[in-house]
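Novice: For reference, each letter of the sequence shown is one residue, going 17 to 159 in this note's numbering.
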Amino acid sequence: MENMELWHILLALAIASLIIEVFTLGFLAGALGVGLVFASIGAAMDLSNEWLLGLFAIGSTVAFFTIRPIIEKFNRTEVKTNADSLIGLTGRVLDCDPAQGTGRAMIGGDDWKIEFEGELAVGDKVEVVDRQSIVLTVKRITK
């Protein structure tokens with residue numbers, strides 16, 4: 017290890033940053049790793065410390081603003097909760113008050129408070145179209 021030069025150290029730090037990025041989110045460590053690769057190339061060419069700092073800054077900034085948006089685009093996944101999975105389910109009206117537009121329905125094996133517009137009677141088949149907390153908005157399914 018007697019011939020360890022600055023570019024070796026910078027490259028080792030770059031590899032460590034890229035490994036850290038595997039376990040984190042946001043691509044910050046990865047962008048710093050790319051900047052360290054730029055700086056290590058400059059160090060291998062015997063550039064001054066000012067140049068190395070500039071290469072590090074440019075490499076990190078370019079990587080952060082070009083690679084990160086691409087990664088974010090592919091990482092976006094909308095997580096559906098169990099409550100959101102109720103939308104589209106069907107059930108039967110157990111009780112309703114057409115004047116208030118409220119009632120109860122058996123949906124997915126559970127008794128739910130419902131809201132609706134229009135005409136609805138006990139025994140009608142309904143479909144869930146929206147959810148607000150523990151109240152489901154339903155519409156009547158016509159045959």
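Here a beta-carbon is modelled for each residue, glycine too, at the ideal position from N, C-alpha and C.
All of these numbers come straight from a predicted model, not from anything done at the bench.
For G107, is the classification buried or exposed, using 16 other Cβ atoms within 10 angstroms of its Cβ as the cut-off for buried?
Specialist: Counting other Cβ atoms within 10 Å of its Cβ, G107 reaches 16 or more and is therefore classed as buried.
Novice: What's the gap between the Cα of F80 and the Cα of G42?
Specialist: 9 Å
Novice: Can you tell me whether DSSP reads T77 as helix, strand or coil?
Specialist: In the structure shown, T77 sits in a helix (DSSP, three-state: H, G or I).
Novice: Just how far apart, CA to CA, sit K155 and V109?
Specialist: 11 Å
Novice: Taking the straight line between their C-alpha atoms, what separation do you get for L26 and G51?
Specialist: 10 Å
Novice: For the structure I just gave you, are there three or more beta carbon pairs, one from the region 70-87 and one from the region 115-127, closer than 8 Å?
Specialist: no
Novice: Is it buried or exposed for S56, if we count other Cβ within 10 angstroms and need 16 for buried?
Specialist: Under a 10 Å Cβ-count criterion, S56 is classified as buried, with 16 or more other Cβ atoms of the shown protein chains found around its own Cβ.
Novice: For D111, which residues of its own chain have a beta-carbon under 8 Å away from its beta-carbon, when the five flanking residues on both sides are left out?
Specialist: Excluding sequence neighbours, D111 sits near G119, R120, V138.
Novice: Report all residues from its chain with a CB closer than 7 Å to the CB of L22; omit the five preceding and five following residues, and keep chain order.
Specialist: A59
Novice: Taking just the CA atoms, how far does F54 sit from L69?
Specialist: 10 Å
Novice: Where I130 and V151 are concerned, what is the direct C-alpha to C-alpha distance, given to the nearest angstrom?
Specialist: 5 Å
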